[in-house]
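Engineer: Per my numbering, the very first residue in the sequence shown carries number 172; after that it's consecutive. Here a beta-carbon is modelled for each residue, glycine too, at the ideal position from N, C-alpha and C. Can you keep this structure in mind? I'll have questions shortly.
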Amino acid sequence: MARKINKDAIDDIMKKISSRELVGSDIRTNKLIYSIIGFIPSSDFVENALLMTNLGYILSEKGLNTCIVDLKVFYPNIYHFFDIVPNNKGEGLLKVLKSDKVDFREEIQFTGYEKLYLLSPSPQDLFEEYYEFNFETIERLLMTLKNMFDIILLDIPNNPPLEFCLGAMNYCHTGFFTASEKIEASTNIIKLLDHAESVGISTSKFTSVILMNLLGSKFDYKVINELGLKIITALPFDKSASASALESKIYIKDSQLVNKKFKKEIYKLADLLADDSL
172 MARKINKDAI DDIMKKISSR ELVGSDIRTN KLIYSIIGFI PSSDFVENAL
222 LMTNLGYILS EKGLNTCIVD LKVFYPNIYH FFDIVPNNKG EGLLKVLKSD
272 KVDFREEIQF TGYEKLYLLS PSPQDLFEEY YEFNFETIER LLMTLKNMFD
322 IILLDIPNNP PLEFCLGAMN YCHTGFFTAS EKIEASTNII KLLDHAESVG
372 ISTSKFTSVI LMNLLGSKFD YKVINELGLK IITALPFDKS ASASALESKI
422 YIKDSQLVNK KFKKEIYKLA DLLADDSL
């Protein structure tokens with residue numbers, strides 16, 4: 172059963188949040204240059220929530236105050252992966268978007284893992300409540316979070332007409348497309364990048380690809396490179412990882428037997444983010 176997050180407890184924790192107070196100036200004196208990171212799916216059979224919850228846990232273990240933001244406003248799901256009771260209608264992401272006077276500390280949820288937090292929509296929110304927001308609203312959201320956390324991971328929907336897709340792309344410092352061994356993956360990436368560029372959004376920060384759920388099929392990886400994209404990480408499919416997610420557990424932490432390739436690749440990605448090496 173999902174554990175209920177105590178709002179008073181999170182307020183006590185988050186009223187002190189800053190890089191210097193929670194991480195400690197003796198550990199980290201410089202803020203990350205690339206602190207707002209976006210992840211966009213480009214094909215079926217990718218699991219951004221699985222990737223981001225495990226990645227977020229590793230980054231928090233490195234001492235980074237980490238916030239995962241679920242921008243899939245129509246179908247949020249990351250709260251499941253942390254076994255968190257979902258927000259009530261109108262709470263969480265929607266509430267901080269609607270007013271710049273709302274205290275973010277009241278709407279951000281503690282995941283149960285030190286230095287790791289979640290900002291999520293409510294699954295009860297009405298679709299039409301998210302149509303009114305513009306780029307400026309998304310910029311305010313992300314700049315506020317940037318001042319609260321060391322690193323922010325955005326789960327961005329691949330839905331170009333929605334402001335939460337292009338707006339998030341616009342204000343990310345860097346980003347990744349997640350892809351599986353699907354023939355349409357590279358085409359979908361280029362199509363979204365072309366559209367984003369046509370409306371004035373810089374796309375140079377979204378040229379990295381994370382391959383997920385690899386089955387060892389005869390997929391032509393050269394196509395991705397020929398399109399000017401770069402494969403950063405390649406994560407194999409692992410039934411244990413999916414099973415851990417269904418049980419609301421962090422695979423990289425809770426599984427007794429972690430796939431060595433999966434572990435190596437996700438830690439490589441975490442190191443790149445933590446070291447500003449992208």
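(1) May I ask you to verify whether the stretch 390-405 touches the stretch 354-362, counting CB pairs closer than 8 Å and requiring at least 3?
(2) Check G234 in the structure and name its three-state DSSP category.
(3) May I have the straight-line CA-CA distance separating L221 from A445, to the nearest angstrom?
(4) Please give me, in chain order, every unbroken run of the beta strand (DSSP E) with length at least 3 that falls completely inside the stretch 231-314.
(5) Locate the beta strand (DSSP E) running through G346, then write down its first and last residues.
(6) Could you give the residue range of the alpha helix (DSSP H) that holds F433?
(7) Relative to the C-alpha of H251, which candidate in G234, P294, D274, C343 has its C-alpha closest?
(8) Going straight from the alpha carbon of E278 to that of L226, what length do you get?
(9) When burial is assigned at 16 or more other CB atoms within 10 Å of the CB, is L325 buried or exposed?
(10) Does M223 pass the burial test, meaning 16 or more other C-beta atoms within 10 Å, or should it be called exposed?
(11) At a cut of 8 Å, does the stretch 396-411 reach the stretch 372-380 through at least three beta carbon pairs?
(12) Sorry if obvious, but does the Cβ on K272 come closer than 7 Å to a heavy atom of the ligand NAP?
(13) Can N219 and T349 be called in contact, C-beta distance under 8 Å?
(14) DSSP beta-bridge partners for P407?
(15) Return yes when the Cβ of Y288 is within less than 8 Å of the Cβ of C343, no when it is not.
(16) Under a three-way DSSP split, which group does K362 fall into?
(17) Could you tell me which residues DSSP puts in a beta bridge with D425?
(18) Assuming Y228 contacts I360 (C-beta within less than 8 Å), just tell me the rounded distance between them.
(19) Measuring alpha carbon to alpha carbon, tell me which of N330, S373, S231, I372 ends up nearest P212.
(20) So, using beta-carbon positions, are G263 and P292 closer together than 8 Å?
(21) Under a Cβ-count criterion, where at least 16 other Cβ atoms within 10 Å of its own Cβ denotes burial, should F347 be classed as buried or exposed?
Structural biologist: Walking through what the data contain:
(1) yes
(2) Start at 1 with the first residue of the sequence shown, and residue 234 comes out as number 63. In the structure shown, G234 sits in coil (DSSP, three-state: anything other than H, G, I, E or B).
(3) As a first step, residue 221 is located in the sequence shown; it is residue number 50 there, counting from the start. As a first step, residue 445 is located in the sequence shown; it is residue number 274 there, counting from the start. About 19 Å.
(4) 237-241, 287-290
(5) Within the sequence shown, residue 346 is the residue found at index 175, counting from 1. Start and end: 345-350.
(6) What you label residue 433 is simply residue 262 of the sequence shown in a count that begins at 1. Run containing F433: 431-445, per the alpha helix (DSSP H) assignment.
(7) Position 80 of the sequence shown, counted from the start, is the residue given in the question as residue 251. Checked all of G234, P294, D274, C343; the closest Cα to H251 is P294.
(8) By 1-based counting over the sequence shown, the position of residue 278 is 107. By 1-based counting over the sequence shown, the position of residue 226 is 55. So the alpha carbons of these two residues sit roughly 22 Å apart.
(9) What you label residue 325 is simply residue 154 of the sequence shown in a count that begins at 1. By the neighbour-count rule (16 or more Cβ atoms within 10 Å), L325 is buried.
(10) One-based indexing of the sequence shown puts residue 223 at position 52. Looking at its Cβ environment, which holds 16 or more other Cβ atoms inside 10 Å, M223 is buried.
(11) yes
(12) Absence of the ligand NAP is noted for the structure shown, with no ligands found whatsoever.
(13) Residue numbering aside, residue 219 sits at position 48 when the sequence shown is read from its first letter. Residue numbering aside, residue 349 sits at position 178 when the sequence shown is read from its first letter. Contact: yes.
(14) One-based indexing of the sequence shown puts residue 407 at position 236. Partner(s): L385.
(15) As a first step, residue 343 must be located in the sequence shown, where it is residue number 172. As a first step, residue 288 must be located in the sequence shown, where it is residue number 117. Their beta carbons are not under 8 Å apart, which means C343 does not touch Y288 by this criterion.
(16) Taking the sequence shown and counting its residues from 1, one reaches residue 362 at position 191. K362 falls in the helix class under three-state DSSP.
(17) Position 254 of the sequence shown, counted from the start, is the residue given in the question as residue 425. For D425, which the question treats as bridged, DSSP gives no partner whatsoever.
(18) Position 57 of the sequence shown holds residue 228. Position 189 of the sequence shown holds residue 360. The Cβ separation is near 27 Å, so there is no contact.
(19) Position 41 of the sequence shown, counted from the first residue, corresponds to residue 212. Comparing Cα positions, the closest option is N330.
(20) To locate residue 263, count along the sequence shown from 1; it is residue 92. To locate residue 292, count along the sequence shown from 1; it is residue 121. Yes; because the gap between Cβ atoms is below 8 Å, this pair is in contact.
(21) To locate residue 347, count along the sequence shown from 1; it is residue 176. F347 is buried by the Cβ-count criterion.
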